[in-house]
Amino acid sequence: MKSTEIRRSFLDYFAERGHRLVKSSPLVLPSDPTLLFANAGMNQFKDSFTGRESRDYRRAATVQKCLRVSGKHNDLETVGRTPRHHTFFEMLGNFSFGDYFKRDAIEMAWQLITGVWGVPEDRLWVTVFGGTDRLAADDEAFAIWRDRIGVAPERILRLGEADNFWRMGETGPCGPCSELHYDLGADLISVTGRSTPETDSRRYMEIWNLVFMEFEQAVGGELLPLPAPSIDTGMGLERISAVLQDKRSNFETDLFRPLVAAIAARSGVEPGATENSDFSMRVIADHARAVCFLVADGVVPSNDKRGYVLRRLLRRAIRHGRKLGMDGPFLDPITAVVIERMAETYPELLAAREAIDEVTRREELRFGETLSSGLVLLDEWLAALPPAETGAARVLPGESLFRLHDTFGFPLDLARDVADERGVVLDEAGFDREMHQQRERARASWKGGKVASEPGVWKSLAAELMTKFVGYSEVELEAVPVLAVLHEGRTVDELIAGQTGEVVLAATPFYAESGGQVADTGWIVGAEGRAEVLDVRRPVAGLIVHRVRVDVGRLVLREPVRAEVDRARRAAVRRNHTATHLLHASLREVVGLHVKQAGSLVAPDRLRFDFSHFRATSDSAVEEVEARVNAQILADLPVETVEMNLDEALDSGAMALFGEKYADRVRVVRVADLSVELCGGTHCQRTGEIGLFKLTAERGVAAGTRRVEALTGGASLARFRSDHAIVRSLEEQLAIPAERIVDEIGQRLKQLREVERQLEAARVSGVRERLLQELGQAGQVGGVKILVQRVDGLSAAETRELADSLRQKLGSGVVVLGRSDGDKASLLVGVTDDLKSRVPAGELVRELARIIGGGGGGRPDLAEAGGRDATRLQEALDAATDVVARRMEATG
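In the numbering used here, the protein residues as written are 289 to 1180.
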C-alpha cells in the first residue's frame, strides 16, 4: 500500500465505526502555549480527556502533524542513526472520550492491522503494563489479548512503567498502555538469549500504542482519576508504511525514497555509497520535511524558541549537505519534492511554497560562511587533540568551544554533532562557565535597568472579588459599586483630589489592555468626586483594575459610581482594530498565505501590525494592500462578533495567535467572507465606519518579521491634510503644478550633483596643479628629489591618482602625501621605479605610520598606511625627509 492509501484506509476504517474525522491541528497549537510543538495526536484533545471541554462527538480519528525536537519527546539526535526515528512525522490515531475503552480499542486495532491490512498474526507481539508498587498491573488488557484476540501468552509481555505507562509530559492525561510490535525478521537478532520486543529493538519495531487514559498527572506527580476512562492511540504513518511496503527502514518507503533520490541527484552521491553518506541523506530528507511544515505553519528562523528549532534543523541539514559535497544552496529541489508529494494531503504547503523557498535559500546563504570558517577551525582543533588515555575519551576544552561560538557564531549543538562523529566529548561545563563570565562582564558594564514588581494584593483580592466586563455593548454604566480602592499598593477607604491609585468595580465598560489593543480611558464619577481613568489592566484572571487620578473631591469605597468611557477615543480604537483585521487578510492575499500575525498595537491614533515574512514588501504590494483595505471599507461590509466554543471556532477556520491562551468560550470576529479571527477586542459594526485607511510605513523589525503602520479615520485625514500642505508649499516655491513636482525636484537634484562634481573636480585639479608647480622646489636628499605635502580633503582614490601624477612628473624621486579625516590620519608614499629597490615604499610608509599610531604597506613603488592619531600627522610628514635620507645612506 502507498502511504496515501494507508492514510485514507485508516480514516475510512474508523469513520465506518462512528468516529468523527478531525483535521490535524497546526504544529504550533494556538490554544496550548505549554507545548512548543504538537508532539502527539492527543494534544488537541487534551482538555476533552480531562473534562475541561466537551465536544459534540465522543469518538474521533485523525492524521496529526507532529514534531519531536524538545522536552520529553525529542528524537532529533537519533534521526538518521536509526531506521525509524524522525523529527517530523504523521501520527494516525483514534480516540474515545468516555465512550469505548480497552476491549473495543484492542479489537478495532487488531482487526485493522490483521484483517484490513493483512499483517500476518505470527509477526505481531503485544506488550501490556506490568504494574509497580503504586499502580496495579493491567491484567484486564492481558486477558483481552489472550482470550478475545487469541494472542499466545508467550507473545504478550508485561513491561514496566517506563515502557508501558504513557504520559503526555510532566503534567496532563496519562495511563497504562498496550503496544503492538512487528517482527522484522530473525536475521536481525542483535542479542544473545531470548529475542523479544523487550530485549531486541533492532529486530522488533513498535507500530501502534494503545493508551488507556485513566489519570491526570498533577504538579508533583499525583495521579488523579479522569472524569471517564478514555482511549488515545498513536501509530506512526512512517513505521506502518514500512511494514505494509515490506521495508526494514522508514527511509526506504515511498515517503522518503523520492527525497533521497532528489538528494542523490543534487549531490552526485548514490545511495549506498557509504554509511556516512547515507546518514547525511537521511538527515537531510527528514529535516527537509520538518522545515517545510514549520514554515507553512508560520514559523521563521530566529534565535529564540520555535524559530531556533527551525534554524537548528536547517543548519544541521546544511552541514550534512556540505558533507555530501554540496557547497552552495541545495535545498530547493528537495523541499520541492516534499511539497509535490504531500500537498494533496496538506494544501498549506502549496500556499507556502514561495516562503519555503525563500527561507531555506536565505538561511543557506547566511549560514554558509559561518559553517565554512567554523568547521575549518573545529576540524583543526579536533585533529590536534592528543590521544586519550586507555578507557578515557578525548575532550575539546570549553574555552575552545566558547571561542568558536563567540567569534564565528558556530552553534553548540552543531559542534556536538561533529565531535560525536569523531568520538570526542565536549567540555560543555567549561563552555557554560565561559558564557556565564561573559554575561557577568556584560552585566557589570550595563548602566541602565528597571525594577518590576507585581503586588501580591491582586491575588488576594481576586479570591474575593470579580469584575464583570460589559464594554462590548456599553460605554457608560450607572450605579456601579466600588469594590476596592488602593493607594500606593495598599487597600484604603478613599482616594482624595490629587491622589493616584487603583479602583476595582463590580462591573465595568472599560476595556483592559489585551491582545494588542490599548486600554480605554474615561471617567469614574461618584456623589463626592470625579476621577480620570488613566489605564485599565487585568493583573489576574477575573479582576479588572482601573488606574485613576482623582480630579475633584474624593472617590469612596463601596459607593455607587458612574463609569463612563471616552466615546471618541473608543471609536478611534475600534476603527483601528477592525482595520487591523482587514489589513491582516489583505496581507495574506497579496503577500502570501504564510503571513501570520506576530504582534500588534491598536491605539486611538494609529495601528501597528507585525507579521511573519522573509523580505521587504515591495512598494507595489504595499499599494495593493492599501487599495484592498480601502475597497473593503467602501463596501461597508458587516462586522459580526459571535461567541462559541474554542474547538468549534478553530474548526470554522478562525485564525488564532500562536502562543495565545484561549478560554473554552471565545469571541470570533468575522468581516463578511474576508476575515475570521479569534479576538477579544472592540470593533466597528460595519467597515464603512473606519473611513480612510492609509499605510504609513513598512520595515523589518527582526529576522523574518516585518512591521507595517497605518492610520484611519481622523488621523488619516490629518495626515492627508499635512501631506497636501507640503505639496501646496512646493507648488508655490517651485512655481509648478503638483503633477510636475517629482520630476522637477529630480532634475534639480541632478543639476546640483553635477555642480558639486564640477566643483570637486576643480578643487582636486587645483591641488594637483599647485603641487606640480612646486615640483621645482622639491627638496633633495643625497641627490634624490623628495616632495612632502599635506592634502586634507582629498579622498583615498584622489590621493592615489595625485601621487601617480607627481611620480611621473618627478622623473626620479619620492612623493609623501598625508591627509586627516577627523581623528584618523593616512599616509601614501610613491617611489619612482629607479629608486624602489633602495627606498621601498612599503617599508617607508610602515616606519612613518608608527608616528600616527598605525600601520600599513603595499608595493615597492606605491604604499599606504593609516593611523588613529591625526594630531601627529604633521610630525610624520616632517620626519619623511630624515627617513629617506637614512635609507639612501644605508643602501650606498
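All C-beta atoms, glycine included, are put in the ideal place defined by N, C-alpha and C.
Inter-residue CB distance, residue i and residue j (contact presumed, cutoff 8 Å)
i: residue 604; j: residue 702; result: 7 Å
i: residue 768; j: residue 800; result: That pair is no contact at about 15 Å.
i: residue 982; j: residue 1007; result: 6 Å
i: residue 861; j: residue 890; result: 6 Å
i: residue 957; j: residue 975; result: Wrong, their Cβ atoms sit about 12 Å apart, outside the cutoff.
i: residue 389; j: residue 349; result: With 8 Å as the limit, residue 389 and residue 349 do not qualify as a contact, their Cβ atoms being about 16 Å apart.
Spatial distance of residue i from residue j (CA atoms)
i: residue 610; j: residue 717; result: 29 Å
i: residue 336; j: residue 499; result: 15 Å
i: residue 785; j: residue 600; result: 58 Å
i: residue 968; j: residue 944; result: 11 Å
i: residue 1122; j: residue 902; result: 58 Å
i: residue 596; j: residue 429; result: 42 Å
i: residue 493; j: residue 832; result: 55 Å
i: residue 814; j: residue 923; result: 43 Å
i: residue 314; j: residue 486; result: 34 Å
i: residue 747; j: residue 757; result: 19 Å
i: residue 427; j: residue 421; result: 15 Å
i: residue 636; j: residue 444; result: 42 Å
i: residue 623; j: residue 645; result: 8 Å
i: residue 1163; j: residue 1127; result: 20 Å
i: residue 898; j: residue 706; result: 37 Å
i: residue 449; j: residue 456; result: 14 Å
i: residue 1027; j: residue 1013; result: 15 Å
i: residue 1167; j: residue 1053; result: 27 Å
8 Å CB neighbourhood of residue i in its chain, flanking five on each side removed
i: residue 640; result: 580, 583, 584, 880, 881 and 882
i: residue 762; result: 797
i: residue 1120; result: 1095, 1098, 1099, 1100, 1101, 1102 and 1149
i: residue 447; result: 415, 416, 417, 418 and 486
i: residue 807; result: 798, 799, 800, 801, 823, 824 and 825
Proximity of residue i and residue j at Cβ, strictly below 9 Å
i: residue 588; j: residue 988; result: no
i: residue 329; j: residue 521; result: yes
i: residue 1051; j: residue 1078; result: no
i: residue 1153; j: residue 1137; result: yes
i: residue 620; j: residue 649; result: yes
i: residue 1150; j: residue 1115; result: no
i: residue 1158; j: residue 1110; result: yes
i: residue 791; j: residue 724; result: no
i: residue 245; j: residue 871; result: This structure leaves residue 245 out entirely; the chain is present only between 289 and 1180.
i: residue 546; j: residue 386; result: no
i: residue 682; j: residue 656; result: no
i: residue 325; j: residue 356; result: yes
i: residue 818; j: residue 789; result: no
i: residue 854; j: residue 809; result: yes
i: residue 542; j: residue 290; result: yes
i: residue 1144; j: residue 1134; result: yes
Close Cβ partners of residue i (< 6 Å) along its chain, the five nearest in sequence each way excluded
i: residue 1003; result: 893
i: residue 830; result: 750 and 754
i: residue 437; result: 398
i: residue 1024; result: 1032
i: residue 954; result: 934, 937 and 966
i: residue 310; result: 348 and 350
Cβ neighbours of residue i in the same chain (closer than 7 Å, five flanking residues each side left out)
i: residue 780; result: 773 and 774
i: residue 478; result: 488, 490 and 491
i: residue 737; result: In this prediction, residue 737 scores a pLDDT of 31, lower than 50, which makes its location untrustworthy; the coordinate-derived value is nonetheless stated afterwards. Cβ within range, chain order: n/a, list empty.
i: residue 497; result: 454, 465, 467, 521 and 522
i: residue 905; result: 879, 986 and 994
i: residue 669; result: 684 and 688
Test: residue i CB closer than 9 Å to a CB of chain E
i: residue 519; result: This model lacks chain E altogether, as it is built from one protein chain only.
Taking only runs that begin and end inside the stretch 386–417, name each unbroken alpha helix (DSSP H) of 4 or more residues, in chain order.
390–398
Start-end ranges of the alpha helix (DSSP H) lying completely within the stretch 572–649, minimum 4 residues:
593–611, 620–630 and 636–639
Please go through the stretch 981–1029 and give each complete alpha helix (DSSP H) segment of 4 or more residues, from N-terminal end onward.
Within the stretch 981–1029, complete alpha helix (DSSP H) segments of at least 4 residues are found at 1001–1022, given in chain order.
List, from N- to C-terminal side, the beta strand (DSSP E) runs of 3 residues or more that fit wholly inside the stretch 817–866.
817–828, 831–844 and 848–853
Run through the stretch 1127–1159 for me and flag every whole beta strand (DSSP E) of 3 or more residues, listed as ranges in chain order.
1142–1146 and 1150–1155
Secondary structure, alpha helix (DSSP H): runs of 4+ residues fully inside the stretch 306–339:
334–338
3-residue-minimum beta strand (DSSP E) runs that sit fully inside the stretch 901–982, ordered along the chain
927–933, 953–959 and 963–966
Enumerated in chain order, which unbroken segments of the beta strand (DSSP E) with a length of 3 residues or greater are wholly contained in the stretch 420–460?
Complete beta strand (DSSP E) runs here, min 3: 444–447 and 453–455.
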